[in-house]
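In what follows, a single structure is set out as structure tokens and then discussed.
2 protein chains.
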Amino acid sequence: MFSMRPIGFVRSSYTETAQIPKGLGAQHDAEGTLDILPEVEEGLTDIEGFSHLLVIWVFDRVAGYDLRATPPTDTRPHGVFATRSPRRPNPIGLTVVQLLRRDGPRLHVRGIDMLDGTPILDIKPYLSSVPAKRLKRGWLADAEARTAGEPA
Amino acid sequence: MFSMRPIGFVRSSYTETAQIPKGLGAQHDAEGTLDILPEVEEGLTDIEGFSHLLVIWVFDRVAGYDLRATPPTDTRPHGVFATRSPRRPNPIGLTVVQLLRRDGPRLHVRGIDMLDGTPILDIKPYLSSVPAKRLKRGWLADAEARTAGEPA
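The listed protein sequences derive, respectively, from chains A and B. The working numbering numbers the first residue of the first sequence as 1372 and each following residue consecutively. The working numbering numbers the first residue of the second sequence as 1372 and each following residue consecutively.
Shown next, in the form of structure tokens:
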């Protein structure tokens, strides 16, 4: 077992999961802040130079997990590790956000899909990507093809 | 505090960190396997359809952390959250691997940069990317420009 402790908390306008856009074509344009604890603020040095950050956080209001999940983007269940379901063996969330600006220990970001008060475990610079032509998107591509033209 | 437990372990040819390519231009082409525990194998259902996976894991042989780190790609220290240093407040690692094939609970992958025996916390499908033209790479772009032409 490994013990993890928050390095900070998300501040967002989302107080309930129902408020967070989900499904195909969901836009995550919400702005919010990542409020980093004073004792680790020095770890943010030079972060301003990155346009995008990887935020690793905890689904802290989820209890338990399912090995199969039916995501909002499909009508069929898939293995939880082939989805972004919050009900995972380790309830770890991962979000790429755009860094708008830094005010000391507070990072103003766009692309928030976390509830207000979500504990943050780590922040890393987002650096590279897999070229689109080399990427296969599994069941999601099938689900998108089936629902093309439907509302997300 | 949040307690996390392994869902499986990495099998790789790396037994010491010195063997893992680091620095500018480091190629992570090493193949290895992600051996998932039988009790969560069902969570891999449909994962075969994805070409790339995000693997969240633990730097389990690191003790302690530093708020500033001098990465192999630079001669200057940066805040730990602006680097991929293993010495982080929560020793969480993140790697994008290419999925080659699945044999039951064993995922054969390319792009391993973890030591043999590394505990895995989570696997998620790698789906999207930020367009290259919208990405700023902070101190890394500067360091690359300074060392252009030098060996990695």
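Think of the CB as a built atom: it goes at the ideal place given N, C-alpha and C, for glycine as much as any other residue.
Query	Result
Positions along the stretch 1470-1497 of chain A whose CB lies within less than 8 Å of some CB in chain B	1490, 1492, 1493, 1494, 1495, 1496, 1497
Test: residue 1411 of chain A CB closer than 9 Å to a CB of chain B	yes
CB contact below 9 Å: residue 1517 of chain A versus chain B	no
Cβ separation of residue 1385 of chain B and residue 1486 of chain B, assumed to be a contact under 8 Å, to the nearest whole Å	5 Å
Buried or exposed (CB count within 10 angstroms, at least 16 for buried), residue 1440 of chain B	buried
Any non-hydrogen atom of the ligand NAP within 8 Å of residue 1497 of chain B CB	This structure simply doesn't include the ligand NAP, nor any ligand for that matter.
Residues bridged to residue 1379 of chain B [DSSP beta-bridge criterion]	B:1407, B:1491
Distance, residue 1391 of chain A Cα to residue 1414 of chain A Cα	29 Å
For residue 1504 of chain A, three-class secondary structure by DSSP	helix
Cross-chain neighbours of residue 1450 of chain B in chain A, by beta carbon under 7 Å	1413, 1414, 1415, 1416, 1417, 1418
Helix, strand or coil at residue 1452 of chain A [DSSP, three-state]	helix
Own chain, CB closer than 6 Å to residue 1456 of chain A, minus 5 neighbours either side, in chain order	1440
Contact belief for residue 1468 of chain A with residue 1483 of chain A at Cβ below 8 Å, rounded distance in angstroms	7 Å
Under 8 Å by beta carbon: chain B residues contacting residue 1389 of chain A	Going along chain B, no residue has its Cβ under 8 Å from residue 1389 of chain A, so there is no contact; the nearest lies around 22 Å.
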